[in-house]
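Trainee: Per this note's numbering, residue 46 is the first one in the sequence shown, and the count goes up by one each step. Beta carbons: idealized from backbone N, C-alpha and C, even for Gly.
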Amino acid sequence: MTGPNYKGFVWLIFLGAMLCCCNSKSITEVSKAQHWIEINKASTGTLYIDSVPLQTIMELPGNMDGNKKFRAYLIGFADSVVSLEKEVLIKRNKYYQYDLQHNWEAITEDDISKPVFFQPKISIYNSVNEAVLVFETNEGRHPDTLVYTDAYGSWGKQKFILKGE
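1) Among the residues of its own chain, which have a CB less than 7 angstroms from the CB of T81, if the five just before and after it don't count?
2) Can you give me the C-alpha to C-alpha distance between R186 and A151, rounded to a whole angstrom?
3) Buried or exposed, going by whether 16 or more other CB atoms sit within 10 Å of the CB of N138?
4) Would you be able to state if there are at least three C-beta pairs under 8 angstroms between the stretch 151-167 and the stretch 175-182?
5) Nearest-angstrom Cα distance between G90 and S128?
6) List the residues that DSSP assigns as beta-bridge partners of S158.
7) Just curious, the beta strand (DSSP E) that L191 is in, first and last residue?
8) Among residues of its own chain, excluding the 5 on either side of D144, which ones have a beta-carbon nearer than 8 angstroms to its beta-carbon?
9) DSSP three-state label for R286, please.
10) Compare the Cα-Cα distances from W200 to each of K131, W149 and M103 and report the closest residue.
11) Would you give the residue range spanned by the beta strand (DSSP E) that K86 belongs to?
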């Protein structure tokens, strides 16, 4: 006569423990990128700004300190809802690739300037659109404020006070 079969019971407990570990938040949680400036709108998505070195966009002559003449910013939009209709996607992509640059201004004291260079970035996600905007600065003074007036979506007019740059 043989005793009870404990192998199946041990195997079942092992599988249960593995499933619990795999579903643990601490293991599967993806860290969120920290941005210099970030605004979240529940029905729209996230708009963020990061200051980036000018060298990431353009090659500078050896003796030129580009940060005294120009400032570069990575602008990002992470949309919470993306339509899959072809016509809407075409209009949206056109805005982010060509027209977005016209809706930004940099304010330095009383001087208002538009971007002098615009470089859209390619994203593997349909919901994320990023671009680098470059503004010319006066005598090495950094912009005090960036202003975005949305001509496409529902962001309205946003003012970003740039501190400690």
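Mentor: Judging by the given coordinates:
1) For clarity, residue 81 is Trp in the given sequence; the question names Thr instead. Cβ neighbours of W81 beyond the five flanking positions: I94, D95 and S96.
2) Here the alpha carbon of R186 sits roughly 11 angstroms from the alpha carbon of A151.
3) It is exposed - the Cβ of N138 has fewer than 16 other Cβ atoms within 10 Å.
4) Enough Cβ pairs lie closer than 8 angstroms, so yes.
5) Near 13 angstroms, if we compare the C-alpha coordinates of S128 and G90.
6) Beta-bridge partners assigned by DSSP to S158: A151.
7) Counting along the chain, the beta strand (DSSP E) containing L191 begins and ends at T190 to T194.
8) Once the five neighbours on either side are set aside, the close Cβ partners of D144 are A196 and Y197.
9) Examination of residue 286 is not possible in this model, given that the chain is present from 46 through 210 alone.
10) With distances taken between Cα atoms, W200 lies closest to W149.
11) Run containing K86: I82 to K86, per the beta strand (DSSP E) assignment.
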